[in-house]
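Participant: 1234 is the number of the first residue of the sequence shown in our numbering; add one for each residue after it. Quick one: structure below, then a few questions.
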Amino acid sequence: MRKNVIVLGGGGFIGGHLAKKMKNLGHHVRIADIKNHEYFKHEDICHEFILCDLTDPKSVELVINENCDELYQLAADMGGAGYIFSGNNDANVMHNSSLINLNVAKECVVKKVKKVFYSSSACIYPEHNQLDPSNPNCEEGSAYPANPDSEYGWEKLFSERIYFAFNRNYGLDVRVARFHNIFGPQGTWKGGKEKAPAAMIRKVAESKDGDCIEVWGDGSQTRSFLYVSECLEAIERFMEKDFKGPINIGSEEMVTINELAEMAIKLSGKSIKIKNICGDEFIHKYGFPCPLGVKGRNSDNRLFMKEIGWVVSMPLINGMEKTFNWINNQVNGA
Ligand code: NAD
């Protein structure tokens, strides 16, 4: 069946990939974003691209039309650790993303959108459960009592609650997923909003034999990273089920940040050393404390397996290789 699909934030990384996949599946795709997609041509990913600010309710009224089968809400004021953990963007992150979600949830009810997907984040999980790098707890039920370590996480938690409230009171059919570090080609790789995999790869691609790359923190903090195509498959399977979430979408292959950097170095074939920078040295250089986030984080996929009957399986190195090739091309040409 050909569906009418709206992707909010389709000018961004995951939204762009999602829109492209939907268009390739034969659906009618409308994108709304405050910026054009930097790497995809619009005609390759959608039928309509509406350039607008979704914090403005009038724009949201215009973008969300009747007869929408599925709306994917991925628009958010966000970036990597340097953007969301430095504290410098807290007011904008909370204000802009909350307004978007308040506008969108209401308009979806007005226009009787059939199903809404909301992308929350692993950043909602309590800091106190993620102090041990080798044993973090990100089980879905552990979110409360809430204690996210960033305003970005608090906004996501608030917005999860908006969608569930609209479900309870107005019957809005929602699916809420908590993404854990999604990465891949056609994502931000420079400029301060890039995430760890892209940042590591860029630094390596810009270096030559014998150089040293800087890695923030002491390198022992752990994370897991999910390649974007696996994320899209997880979203698709989740949307087909009645279960509404919240549910983790992430990889369970946990690595330290230094291991991630070493992977990028190995893929380059160059001989590059890692220099970890933190504490006073970091403050002296950048003028603010090292924005690390929690000590450890890993996806817990037991609920996904139970409710959706499937789990992601691509090894991190495979996704890193695809991403390395793309970023290396951006930096050094084909
Ligand atoms: P992204 O920054 O590439 O995409 C977000 C898009 O939202 C951008 O294109 C941006 O221009 C758009 N946007 C921001 N403010 C807007 C506004 N006022 N009006 C219209 N558009 C606006 O990020 P992404 O990595 O593709 O993430 C997509 C979603 O998934 C976000 O909600 C993000 O918080 C969530 N998420 C992502 C990750 C990840 O690792 N990438 C992890 C957890 C959660």
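From the three backbone atoms N, C-alpha and C, an ideal C-beta is built for every residue, glycine too. This one's a predicted model, so the numbers in the text were calculated from it and none came from an experiment.
Answer yes or no: do residue 1298 and residue 1344 have a C-beta to C-beta separation smaller than 8 Å?
Facilitator: By 1-based counting over the sequence shown, the position of residue 1298 is 65. By 1-based counting over the sequence shown, the position of residue 1344 is 111. Their beta carbons are under 8 Å apart, which means residue 1298 touches residue 1344 by this criterion.
Participant: On the CB-based measure, 16 or more other CB atoms within 10 Å of its CB, does residue 1414 come out buried or exposed?
Facilitator: Taking the sequence shown and counting its residues from 1, one reaches residue 1414 at position 181. Classification for residue 1414: buried.
Participant: I'd like to confirm the pairing. Which residues does DSSP put opposite residue 1261 in its beta bridges?
Facilitator: By one-based count along the sequence shown, residue 1261 stands at place 28. Bridge partners of residue 1261: 1237.
Participant: Whole-angstrom Cβ separation of residue 1261 and residue 1238, contact assumed at under 8 Å?
Facilitator: Along the sequence shown, one-based indexing puts residue 1261 at 28. Along the sequence shown, one-based indexing puts residue 1238 at 5. Indeed they touch by this definition, with Cβ atoms about 7 Å apart.
Participant: In chain order, which beta strand (DSSP E) runs of at least 3 residues are fully inside the stretch 1498 to 1566?
Facilitator: Runs found: 1506 to 1510.
Participant: Determine the direct distance from the alpha carbon of residue 1264 to that of residue 1252, and round the result to whole angstroms.
Facilitator: The residue you call residue 1252 lines up with position 19 of the sequence shown. The residue you call residue 1264 lines up with position 31 of the sequence shown. Going from the Cα of residue 1252 to the Cα of residue 1264 covers about 7 Å.
Participant: Restricting to Cα atoms, I'd like to know which of 1556, 1360, 1242 is closest to residue 1461.
Facilitator: Indexing the sequence shown from 1 puts residue 1461 at position 228. The residue with the shortest Cα to Cα distance from residue 1461 is 1556.
Participant: Mind checking who residue 1269 pairs with in its DSSP beta bridge?
Facilitator: If you number the sequence shown from 1, residue 1269 lands on position 36. Answer is none; residue 1269 lacks a bridge partner.
Participant: Out of 1448, 1553, 1531, 1386, which one is the CA nearest neighbour of residue 1327?
Facilitator: Taking the first residue of the sequence shown as 1, we reach residue 1327 at position 94. Out of 1448, 1553, 1531, 1386, 1386 has the C-alpha closest to the C-alpha of residue 1327.
Participant: Does the Cβ-Cβ distance between residue 1526 and residue 1391 come in under 8 Å?
Facilitator: Looking up residue 1526 in the sequence shown gives position 293. Looking up residue 1391 in the sequence shown gives position 158. Contact flag unset, no.
Participant: Three or more beta-carbon pairs under 8 Å between the stretch 1325 to 1339 and the stretch 1447 to 1459, yes or no?
Facilitator: No contact exists between the stretch 1325 to 1339 and the stretch 1447 to 1459.
Participant: Report yes if the CB atom of residue 1356 is closer than 8 Å to the CB atom of residue 1532, and no otherwise.
Facilitator: Indexing the sequence shown from 1 puts residue 1356 at position 123. Indexing the sequence shown from 1 puts residue 1532 at position 299. Their beta carbons are not under 8 Å apart, which means residue 1356 does not touch residue 1532 by this criterion.
Participant: The beta strand (DSSP E) spanning residue 1449 covers which residue range?
Facilitator: Numbered from its first residue, the sequence shown carries residue 1449 at position 216. It spans 1445 to 1449 - the beta strand (DSSP E) in which residue 1449 sits, taken as one unbroken run.
Participant: Would you say residue 1367 touches the ligand NAD, meaning its beta carbon is less than 7 Å from a heavy atom?
Facilitator: By 1-based counting over the sequence shown, the position of residue 1367 is 134. Flag unset: Cβ of residue 1367 not near the ligand NAD.
Participant: Quick check: is any heavy atom of the ligand NAD less than 7 Å from the C-beta of residue 1266?
Facilitator: What you label residue 1266 is simply residue 33 of the sequence shown in a count that begins at 1. At least one heavy atom of the ligand NAD is nearer than 7 Å to the Cβ of residue 1266, so yes.
Participant: Quick one: grab the DSSP three-state call for residue 1487.
Facilitator: One-based indexing of the sequence shown puts residue 1487 at position 254. Reduced to three states, the DSSP call for residue 1487 is strand.
Participant: Using a 10 Å radius around the Cβ and a threshold of 16 neighbouring Cβ atoms, would you call residue 1235 buried or exposed?
Facilitator: On the sequence shown, position 2 is the one that residue 1235 refers to. By the neighbour-count rule (16 or more Cβ atoms within 10 Å), residue 1235 is not buried but exposed.
Participant: Give me the Cα-Cα distance between residue 1469 and residue 1374, rounded to the nearest whole angstrom.
Facilitator: Reading the sequence shown from its first residue, position 236 is the one you call residue 1469. Reading the sequence shown from its first residue, position 141 is the one you call residue 1374. Going from the Cα of residue 1469 to the Cα of residue 1374 covers about 23 Å.
Participant: Sort 1316, 1405, 1507, 1404 by Cα distance to residue 1441 and report the nearest one.
Facilitator: Sequence index remark: in the sequence shown, residue 1441 carries index 208 (1-based). Selected option, being the one with the closest Cα: 1507.
Participant: Taking the beta carbon of residue 1471 as the centre, do at least 16 other beta carbons fall within 10 Å, making it buried, or is it exposed?
Facilitator: Indexing the sequence shown from 1 puts residue 1471 at position 238. Buried, by the Cβ-count rule.
Participant: Between residue 1315 and the ligand ZN, is the CB less than 7 Å from at least one heavy atom?
Facilitator: Absence of the ligand ZN from the depicted structure is noted, with the ligand NAD being the only ligands included.
Participant: Does the beta carbon of residue 1565 fall short of 7 Å from some heavy atom of the ligand NAD?
Facilitator: Within the sequence shown, the letter at position 332 stands for residue 1565. Residue 1565: no, Cβ never under 7 Å from the ligand NAD.
Participant: Could you give the residue range of the alpha helix (DSSP H) that holds residue 1467?
Facilitator: Numbered from 1 along the sequence shown, position 234 holds the residue referred to as residue 1467. From DSSP, the alpha helix (DSSP H) with residue 1467 extends over 1461 to 1473.
Participant: Report the option in 1290, 1456, 1438, 1541 whose CA atom is closest to the CA atom of residue 1429.
Facilitator: Residue numbering aside, residue 1429 sits at position 196 when the sequence shown is read from its first letter. The candidate whose alpha carbon is nearest that of residue 1429 is 1456.
Participant: Taking the straight line between their C-alpha atoms, what separation do you get for residue 1379 and residue 1290?
Facilitator: Within the sequence shown, the letter at position 146 stands for residue 1379. Within the sequence shown, the letter at position 57 stands for residue 1290. In a straight line, the C-alpha of residue 1379 is about 29 Å away from that of residue 1290.
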